[in-house]
Structure formats: C-alpha cells, structure tokens
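Participant: Numbering (this note's numbering), first residue to last: 3 to 141.
Ideal Cβ positions, reconstructed from N, Cα and C, are used throughout, including at glycine.
First the structure, then my questions, so here it is.
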Amino acid sequence: MSGHFFFKERWFGFDDGIYAGARLLEYLSKQPSLEQTFQRLPKSISTPELQIQCAEGENFLITDELKKSDCFSSAEEKITMDGIRVEYRDGFGLARASNTTPTIVLRFEATTKQALERITGEFRKAIVKVAPHLAFPDD
3 MSGHFFFKER WFGFDDGIYA GARLLEYLSK QPSLEQTFQR LPKSISTPEL QIQCAEGENF
63 LITDELKKSD CFSSAEEKIT MDGIRVEYRD GFGLARASNT TPTIVLRFEA TTKQALERIT
123 GEFRKAIVKV APHLAFPDD
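So, in structure tokens, the structure goes:
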C-alpha cells in the first residue's frame, strides 16, 4: 500500500504528492473545523499492512488462484483489478501481489473487532486452501 493519490479532475491523472497535499488543504479550508471534519469520518478498525513471504513469482500465481476460488461466499462484491478486494457489509479484505518483492500484501478493515476477525479468518482459510505451505502472518 504505497499511498499514491490520483486526481482525474483539474489535474493530469497521475500521482503527485505535492498536488495531493494542496488539494487536501483546499478541502480543509472549506470545512467548518478540523475536529468536525474528523468526527464525520466513519469509525473502523483495521490491521497494519501484513505480508506473506513467497518464492519469486509465486505471489502472482497465488493471488490469481484466490481470484478464482469460491472461498468468499459471504461477500457482497469481489473486485479483482489488482489482486482481490472482497467487500462485506461491515468491512473488507484485500490480498494483492507486491510488484517489488515476492510477497502477498494483506489489509483488513471492519466496523467491529468481531467483523475484522471474521474477515481475516475467511482470508486465512482461503490462503490455506490455495497455498497450504505458506504461513499466514499474525495480525
């Protein structure tokens, strides 16, 4: 999760950290107060970036297998543009192959601790199913 920001409106469509900062300042200048702005944000619980070490190139094969798997039956939506992001009513899980290291990068977010554990558990089971030799990281 490299933290890139891309803007389609009023920009050239590529990532630019300085421009992203300027757009953030522009947005904040139009808000009543920073405190009120943060209070409006949804509350959630998330994991840090988790990584599964793989053999070179294996990370892409495994994420492709996850995309094809039937392991996420309770999902509301599966997005497979860059790895697999599984959307649930109360959170999401993400697994994607790193382009710079032989790892699978994982992120999880949910509205409650129980939902976070459920979503993480579904991904753990899915990864064990498609690649039982890999160690799922402790979250």
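Whole-angstrom Cβ separation of Leu68 and Ala112, contact assumed at under 8 Å?
Facilitator: Contact doesn't hold; Cβ gap of about 19 Å is too wide.
Participant: Within its chain, find whatever has a CB closer than 8 Å to the CB of Trp13; leave out the 5 residues flanking it on each side and keep chain order.
Facilitator: Tyr21
Participant: Below 8 Å on the Cβ atoms is my guess for Ile54 versus Thr105; work out the distance and round it to an integer in Å.
Facilitator: At roughly 6 Å, the Cβ-Cβ gap stays under 8 Å, so Ile54 and Thr105 are in contact.
Participant: Identify the continuous beta strand (DSSP E) that holds Gln53 and give its terminal residues.
Facilitator: Leu52 to Gln55
Participant: With a CB to CB cut of under 7 Å and the five nearest residues on each side skipped, what residues in its chain are close to Glu79?
Facilitator: Glu89
Participant: Going along the chain, which unbroken runs of the alpha helix (DSSP H) with 4 or more residues stay wholly within the stretch 53 to 133?
Facilitator: 60 to 70 and 115 to 132
Participant: Where Met3 and Glu51 are concerned, what is the direct C-alpha to C-alpha distance, given to the nearest angstrom?
Facilitator: Residue confidence is low: Met3 scores 48 on pLDDT, short of 50, so the model does not pin down where it sits. Its coordinate-derived value is still stated next. Going by the C-alpha atoms only, they are around 7 Å apart.
Participant: Where does Met3 fall in DSSP's three states?
Facilitator: Here Met3 scores only 48 on pLDDT, less than 50, and its place in the model should not be relied on; the value that follows carries that caveat. Correct three-state label for Met3: coil.
Participant: For the alpha helix (DSSP H) holding Thr39, just list the boundary residues, first then last.
Facilitator: Leu36 to Arg42
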